[in-house]
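Protein chains in written order, with UniProt numbering: chain U, 1 to 217; chain G, 1 to 217.
Data block below; observations after.
2 protein chains.
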Amino acid sequence: MANKISVLLVDDHAVVRAGYKTYLSLSERIGAVYEADRGETACQVYDKQTPDVVVMDLSMPGLGGLESVRRLLVRYPHCKILVFSIHNELVYVTRAIKAGAKGYITKNNEPDTLVTAVCTLAEGGTYIEPALAQQLAVNMAIGQDEAYKVKSLSPREFDIFCLLANGLSTREAADKLCLSYKTVCNHSTAIKEKLSVKTMSELTLLASRQGIVKTSA
Amino acid sequence: MANKISVLLVDDHAVVRAGYKTYLSLSERIGAVYEADRGETACQVYDKQTPDVVVMDLSMPGLGGLESVRRLLVRYPHCKILVFSIHNELVYVTRAIKAGAKGYITKNNEPDTLVTAVCTLAEGGTYIEPALAQQLAVNMAIGQDEAYKVKSLSPREFDIFCLLANGLSTREAADKLCLSYKTVCNHSTAIKEKLSVKTMSELTLLASRQGIVKTSA
DNA sequence: CGAAATGCCGGGAAAACTTCCAGGGCTTTT
DNA sequence: AAAAGCCCTGGAAGTTTTCCCGGCATTTCG
Numbered sequence: 001m002a003n004k005i006s007v008l009l010v011d012d013h014a015v016v017r018a019g020y021k022t023y024l025s026l027s028e029r030i031g032a033v034y035e036a037d038r039g040e041t042a043c044q045v046y047d048k049q050t051p052d053v054v055v056m057d058l059s060m061p062g063l064g065g066l067e068s069v070r071r072l073l074v075r076y077p078h079c080k081i082l083v084f085s086i087h088n089e090l091v092y093v094t095r096a097i098k099a100g101a102k103g104y105i106t107k108n109n110e111p112d113t114l115v116t117a118v119c120t121l122a123e124g125g126t127y128i129e130p131a132l133a134q135q136l137a138v139n140m141a142i143g144q145d146e147a148y149k150v151k152s153l154s155p156r157e158f159d160i161f162c163l164l165a166n167g168l169s170t171r172e173a174a175d176k177l178c179l180s181y182k183t184v185c186n187h188s189t190a191i192k193e194k195l196s197v198k199t200m201s202e203l204t205l206l207a208s209r210q211g212i213v214k215t216s217a
Numbered sequence: 001m002a003n004k005i006s007v008l009l010v011d012d013h014a015v016v017r018a019g020y021k022t023y024l025s026l027s028e029r030i031g032a033v034y035e036a037d038r039g040e041t042a043c044q045v046y047d048k049q050t051p052d053v054v055v056m057d058l059s060m061p062g063l064g065g066l067e068s069v070r071r072l073l074v075r076y077p078h079c080k081i082l083v084f085s086i087h088n089e090l091v092y093v094t095r096a097i098k099a100g101a102k103g104y105i106t107k108n109n110e111p112d113t114l115v116t117a118v119c120t121l122a123e124g125g126t127y128i129e130p131a132l133a134q135q136l137a138v139n140m141a142i143g144q145d146e147a148y149k150v151k152s153l154s155p156r157e158f159d160i161f162c163l164l165a166n167g168l169s170t171r172e173a174a175d176k177l178c179l180s181y182k183t184v185c186n187h188s189t190a191i192k193e194k195l196s197v198k199t200m201s202e203l204t205l206l207a208s209r210q211g212i213v214k215t216s217a
């Protein structure tokens with residue numbers, strides 16, 4: 001039997017981290033559980049502890065989960081990241097995988113699933129929630145729908161898409177991303193082209209259907 | 001000193017419930033902590049245990065948090081519900097309060113805040129996260145009730161509002177209404193002014209929240 | 001009834017925005 | 001090394017929006 005698996009939990013809610021930690025500690029295969037409250041600090045903790053697996057929440061203030069995944073991988077190309085999110089939309093799954101995550105499960109699972117996934121990753125495998133993996137397959141087959149089109153956006157385009165759909169003006173989005181306003185304009189045109197919509201309203205509606213913007217509880 | 005406060009935790013994530021429970025149990029004022037994994041079961045548990053306070057997550061599969069609040073209140077008009085959500089947007093707060101919740105706090109708070117809120121509700125009070133309560137007050141003062149603003153639109157403006165929010169371009173809306181496109185442009189400006197939004201996306205999001213456009217079947 | 005208010009319609013000029021095109025830098029793939 | 005894709009930017013041209021204006025019809029009120 002190998003050594004116990006060490007885990008780094010990244011989530012901005014202390015309460016939530018406590019819950020995960022409790023469950024992870026129940027498993028005999030899992031040893032130390034470190035914590036970080038956001039992407040920025042995750043790097044530092046990783047540096048010190050070099051955990052076997054990183055469990056990353058997607059929705060966090062600051063960098064956000066996806067960007068955190070990317071940055072971690074820049075510094076530690078071989079680190080194994082399991083994204084653990086509340087979102088069960090396929091868009092997020094594919095984004096996470098493309099960003100370099102080795103696994104994706106939602107928080108709706110039994111706690112055991114988290115342990116299983118962590119172990120799988122520790123052994124060098126990948127773990128994607130079965131239900132989602134299946135949907136993903138079906139989706140591939142159907143091919144030509146909105147989710148597919150959203151997936152066709154480049155990472156940068158997706159960022160801008162989210163901001164614009166949430167009501168930011170071209171200029172505000174540019175400021176937020178530290179880009180020229182013309183750049184965002186050009187991306188915006190490309191996005192509308194790829195999603196085959198003509199107006200910003202259509203774009204927002206599509207985003208709403210895809211669960212990328214939230215309009216109500 | 002009164003009896004200890006009994007609490008019912010409603011959240012679909014077992015992992016998350018565990019975290020809350022741990023923290024709640026640290027307080028001497030809090031006694032039994034029951035759990036339910038969704039709105040449907042919350043009623044049953046409430047029936048058996050009649051807890052002093054219900055702590056309800058907003059985003060849940062099935063009924064969803066808001067609807068669960070309403071249903072609980074139908075059966076138990078005096079039950080004290082504290083909504084505990086990740087959302088810090090005012091929309092969610094107002095909806096929760098309208099649904100009959102006695103308190104609202106976000107998950108970004110220190111765990112102690114949850115305890116404080118639970119105690120306040122148990123004593124018959126209300127607890128709304130200070131930062132949000134302040135925003136809400138400001139919001140009221142300014143008169144930013146979205147529904148109210150929509151009503152302030154003239155009949156013609158409302159027509160145009162609907163068309164634009166549904167994704168039509170200014171020109172298409174003009175054609176549809178047999179108007180000069182300049183007219184629609186001018187109306188559009190007035191509409192945005194009245195609704196205090198800057199972009200078409202914001203306008204669409206508002207329309208979506210107000211149920212004026214439908215985003216999903 | 002006259003006057004004022006409000007809603008509706010659109011023109012012109014100026015400002016803002018988008019589109020189209022072109023180019024440079026970077027990384028990954030072949 | 002070449003090709004391809006993404007990202008960023010700028011200029012020029014085209015389009016849209018804004019702002020300000022006046023005209024018209026209806027309603028309200030002194």
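Idealized CB from N, CA, C, for every residue including glycine.
Predicted model only: the values in this text are computed from it and were never measured.
Review point. Is the beta carbon of U/V34 less than 7 Å from the beta carbon of U/V45?
Key: In the sequence under discussion, the amino acid at residue 34 of chain U is Tyr, which differs from the Val named in the question. Yes.
Review point. Under a Cβ-count criterion, where at least 16 other Cβ atoms within 10 Å of its own Cβ denotes burial, should U/A101 be classed as buried or exposed?
Key: buried
Practice item. Given a cut-off of 7 Å, decide if U/T94 and U/K151 are closer than it, judged by their beta-carbon atoms. Key: yes
Practice item. Quick one: measure Cβ to Cβ for residue 275 of chain G and G/S188, integer angstroms, because I've assumed they're closer than 8 Å. Key: Outside the shown range of chain G, which is 1 to 217, sits residue 275 of chain G, and nothing can be said about it.
Review point. Whose C-beta lies closer than 8 Å to the C-beta of G/R71 among residues of the same chain, with five residues either side of it excluded?
Key: G39, C43, L63
**Study point:** Residues near U/A117 in its chain [Cβ-Cβ closer than 7 Å; skip 5 each side]
**Key:** L82, G103, I105, Y127
Exercise for review: Check distances from the C-beta atoms of the region 158-184 of chain U to those of chain G and list, in chain order, the residues that come in under 9 Å.
Suggested key: L164, A165, N166, G167, L168, S169, T170, E172
Practice item. Output yes if chain U places a C-beta closer than 7 Å to the C-beta of residue 219 of chain G; else output no. Key: Residue 219 of chain G lies beyond the residue range present for chain G, which begins at 1 and ends at 217; the question has no answer from this structure.
Practice item. List in chain order: all unbroken alpha helix (DSSP H) runs of 4+ residues lying wholly within the UniProt domain "HTH luxR-type" (146-211) of chain G. Key: 146-151, 155-165, 170-177, 181-195, 200-209
Check your understanding: Would a C-beta distance cut-off of 7 Å place U/L203 and U/A173 closer than the cut-off?
Key -> no
Practice item. Would you mind stating whether G/G31 and G/K48 have Cβ atoms separated by less than 7 Å? Key: no
**Study point:** G/D112, buried or exposed, once every other Cβ within 10 Å from all chains shown has been counted against 16
**Key:** exposed
Check your understanding: Within the 7 Å Cβ cut-off, does U/K192 reach chain G?
Key -> no
Point to revise | As assigned by DSSP and simplified to three states, the class of G/T94 | key: helix
**Study point:** DSSP state of U/G143 mapped onto helix, strand, coil
**Key:** Unreliable placement is indicated for U/G143, whose pLDDT of 36 sits below 50; no coordinate value is reported for it.
**Study point:** Cβ neighbours of U/E146 in the same chain (closer than 8 Å, five flanking residues each side left out)
**Key:** L195, L206, R209, Q210
Review point. Is any beta-carbon of chain U found at less than 7 Å from that of G/E146?
Key: no
Review point. In angstroms, rounded to a whole number, what distance separates the CA positions of U/Q144 and G/T41?
Key: With a pLDDT of 41 at U/Q144, under the threshold of 50, the modelled position of this residue cannot be trusted, and the question is left open.
Check your understanding: Name the DSSP bridge partner or partners of U/Y104?
Key -> U/V83, U/I128
Review point. Where does the unbroken beta strand (DSSP E) through G/Y34 begin, and where does it stop?
Key: 30-36
**Study point:** Contact residues within the region 16-29 of chain G, judged by C-beta distance below 9 Å to chain U
**Key:** V16, R17, A18, G19, Y20, K21, T22, Y23
Practice item. Under 7 Å between beta-carbons, which chain U residues line up against G/Q205? List them in chain order, please. Key: Checking the displayed sequence, the identity of residue 205 of chain G turns out to be Leu instead of Gln. Residues of chain U passing the Cβ test: G167, T204, V213, T215.
Review point. What first and last residue would you give for the alpha helix (DSSP H) that runs through U/S25?
Key: 14-26
Practice item. Count the other C-beta atoms from every protein chain shown that fall within 10 angstroms of the C-beta of G/G125, then say buried if there are 16 or more, exposed otherwise. Key: exposed
Exercise for review: Answer with buried or exposed for G/C79, where buried requires no fewer than 16 other C-beta atoms within 10 angstroms of its C-beta.
Suggested key: buried
Check your understanding: chain G partners of U/I97, CB-CB under 9 Å?
Key -> Chain G residues near U/I97: none, gap ~23 Å exceeds 9 Å.
Check your understanding: Does DSSP classify U/L8 as helix, strand or coil?
Key -> strand
**Study point:** Limits of the unbroken alpha helix (DSSP H) element including U/V118
**Key:** 111-122
**Study point:** Residues that U/K198 contacts on chain G, provided the C-beta gap is smaller than 7 Å
**Key:** S169
Review point. Which one of G/L179, G/N108, G/L168 has the shortest CA to CA distance from G/F84?
Key: G/N108
Exercise for review: Report the partner residues of G/M56 according to the DSSP bridge assignment.
Suggested key: G/V10, G/V83
Check your understanding: So, are the CB atoms of G/D12 and G/A122 less than 7 Å apart?
Key -> no
Review point. Taking the C-alpha atoms as reference points, what is the distance between U/D57 and G/P130?
Key: 26 Å
Point to revise | Contacts around U/M1, its chain only, beta-carbon distance under 8 Å, and the 5 residues preceding and following it disregarded | key: Any reading at U/M1 needs caution, since the residue's pLDDT is 46, under 50, leaving its predicted position unreliable; the model's value is listed next. No residues qualify anywhere along the chain.
Review point. From U/A133 to G/D159, what distance separates their C-alpha atoms?
Key: 43 Å
Check your understanding: What residue from U/E193, U/Y92, U/A99, U/L163 has the CA that sits closest to U/E67's CA?
Key -> U/A99
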